[in-house]
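Remarks on the structure that follows.
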Amino acid sequence: MKKVFPVSLLLLCNLYLNSFSQDTIVKKSSLHENYILNRSYLKIGASLPAGLYGKDQLFKAYNNPDPNNNYVIYPAAKLGGVLDVGCLIYLGPAFAGNRLRAGIDATLFSLAFNQTDLPYYPQDENNKWKFWYFYLGQKFGPVFTINPFDRLMIDLSYKLNAYMSYLHHQFEGDWKDDWGKNLLQSEVSLNIRYRIIIASFQYNFGECLYNRFDTKDPSYKIDNSTFRVLVGFVFH
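In our numbering, the protein residues as written are 81 to 316.
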């Protein structure tokens with residue numbers, strides 16, 4: 081009897097350890113592999129004007145001596161294009177079974193333009209692209225990525241867009257270069273990624289302040305909100 085008790089105790093311990101190790105193996109095997117990793121991207125697509133940006137925006141001219149033409153017009157924007165190059169940088173480990181992860185969406189280079197259709201152009205000027213809106217800047221903000229299955233990724237992000245803008249148009253009685261900027265324009269975006277392919281839907285909203293980078297010059301603030309659809313590639 082004295083020998084049976086130690087043997088029984090050893091058998092029970094062995095059974096417990098076996099069951100514990102089996103549970104651990106099951107848990108490890110059921111854990112989804114972490115596919116949410118740092119990536120770089122290149123995206124190109126279309127930029128469509130939204131709201132007032134698709135209409136002529138008129139302002140009173142401060143330095144125009146002609147009372148019959150005493151206004152500044154920022155022409156309605158038309159369909160344009162956009163190029164974004166950046167990276168997704170994740171902070172901390174993935175969670176919820178490696179299906180969720182948070183980080184930073186950093187667009188290091190963003191170039192965009194929107195066409196215009198002016199009622200008239202300077203004499204002997206046939207290059208209409210010289211009178212389009214152009215933008216160059218960067219965008220940074222938090223991103224939250226969901227990996228529902230396989231290598232499919234859904235990125236939700238909010239970014240602040242800092243850029244400068246260029247437009248050649250008529251004001252103060254002459255055709256001139258006009259420069260503007262916005263350091264805190266907002267963007268909300270949705271990315272859908274699968275392996276190396278990415279599709280992106282963005283809504284940029286805010287205003288651009290034009291004053292040729294000179295605080296002594298008159299300032300004109302125009303709405304330049306856009307909806308953008310892009311496709312591209314993701315790299316390691």
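Positions of the beta carbon are idealized from the N, C-alpha and C atoms, including for glycine. From a predicted model like this one, the values you see are computed outputs, not experimental measurements.
{"Item": "Less than 7 Å between the beta carbons of L310 and K123, yes or no?", "Value": "yes"}
{"Item": "Kindly identify the DSSP beta-bridge partner or partners of G312.", "Value": "K123 and I278"}
{"Item": "So for Y142, helix, strand or coil by DSSP?", "Value": "coil"}
{"Item": "Which term fits Y133, buried or exposed, when burial requires 16 or more other beta carbons within 10 angstroms of its beta carbon?", "Value": "buried"}
{"Item": "Assuming contact is defined by CB atoms lying nearer than 7 Å, are F211 and T196 in contact in what I supplied?", "Value": "yes"}
{"Item": "Could you give the distance in angstroms between the alpha-carbon of A174 and the alpha-carbon of D136?", "Value": "47 Å"}
{"Item": "Buried or exposed, going by whether 16 or more other CB atoms sit within 10 Å of the CB of T306?", "Value": "buried"}
{"Item": "To which residues does DSSP link G183 through a beta bridge?", "Value": "Y170 and V223"}
{"Item": "Please report the distance separating the alpha-carbon of R179 from that of L191.", "Value": "32 Å"}
{"Item": "Could you compute how far the alpha carbon of E287 sits from the alpha carbon of V223?", "Value": "23 Å"}
{"Item": "Quick check on this structure: which residue in A126, Q218 and L247 has the alpha carbon closest to the alpha carbon of K239?", "Value": "Q218"}
{"Item": "Could you name each continuous beta strand (DSSP E) segment of 3 residues or more that falls completely within the stretch 231-309, going from the start of the chain to the end?", "Value": "232-251, 254-274, 277-285, 287-290 and 300-303"}
{"Item": "Please work out which residues of its chain come closer than 8 Å, Cβ to Cβ, to V314, disregarding the five sequence neighbours upstream and downstream, and give them in chain order.", "Value": "R119, S120, Y121, R273, R275, I276, I277 and I278"}
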